[in-house]
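Per this note's numbering, the sequence shown starts with residue 153, numbered consecutively.
Here a beta-carbon is modelled for each residue, glycine too, at the ideal position from N, C-alpha and C.
Because the structure is a prediction, the values reported are computed rather than measured.
Quick notes on the structure that follows.
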Amino acid sequence: MAKIALNGLGRIGKLALRALLDSGAEIAFLNDSVGTPEMHAHLLEFDSVHGRWNADIRYDDHSITINDQRIPIFCEKTLDRLPLGSVDVVIDCTGFYKSAQKLQGYFDAGVKKVVVSAP
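So, in structure tokens, the structure goes:
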């Protein structure tokens, strides 16, 4: 099974995470440049549009655990500070990495595929 990382936990990133976990995907890590694990756990559980996620969500200083899957979470602004070498696919929902030049950092780190969600 492919190891998937999500970069950006805004509206789209949160919904992508919900869908991936509901389908049984393996999540390598999460990253968002702002917020804490506590804040992200709360926002994952309670969505103003989609309602409460029927999942067991817990957090500690460095991870969020969803239905017994512990997922490391980072608060990094640059790709070079993320453990991308162990990831097959990144779903980028930051809105920042939209050009080939900016996305190159993922591939330089060994990521095989990047899915970009951005306006």
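Same chain, Cβ closer than 8 angstroms to residue i, five either side skipped, listed in chain order
| i | result |
| --- | --- |
| Met153 | Ala177 and Glu178 |
| Leu173 | Ile179, Ala207, Ile218, Asn219 and Gln221 |
| His214 | Pro189, Pro224 and Ile225 |
Within-8 angstroms CB hit, residue i to chain B
| i | result |
| --- | --- |
| Leu182 | Absence of chain B from the displayed structure is noted, only one protein chain being present. |
Exposed unless 16 or more other CB atoms sit within 10 angstroms - verdict on residue i
| i | result |
| --- | --- |
| Asn159 | buried |
| Ala252 | exposed |
| Phe181 | buried |
| Ala168 | buried |
Reduced DSSP category for residue i - H, G, I as helix; E, B as strand; rest coil
| i | result |
| --- | --- |
| Ala180 | strand |
| Asp174 | helix |
| Asp232 | helix |
Residues that DSSP places opposite residue i in a beta bridge
| i | result |
| --- | --- |
| Pro224 | Ser215 |
| Leu203 | A small correction: the amino acid at residue 203 is Gly; Leu does not occupy that position in the sequence shown. The partner list for Gly203 (beta bridge, DSSP) reads Asp199. |
Spatial neighbours of residue i in its chain, beta-carbon cut-off 7 angstroms, leaving aside the 5 residues before and after
| i | result |
| --- | --- |
| Arg204 | Glu197 and Phe198 |
Answer yes if the segment 259–270 comes into contact with the segment 228–243, meaning at least three C-beta pairs across the two stretches below 8 angstroms, and no otherwise. At 8 angstroms Cβ cutoff, the stretches touch.
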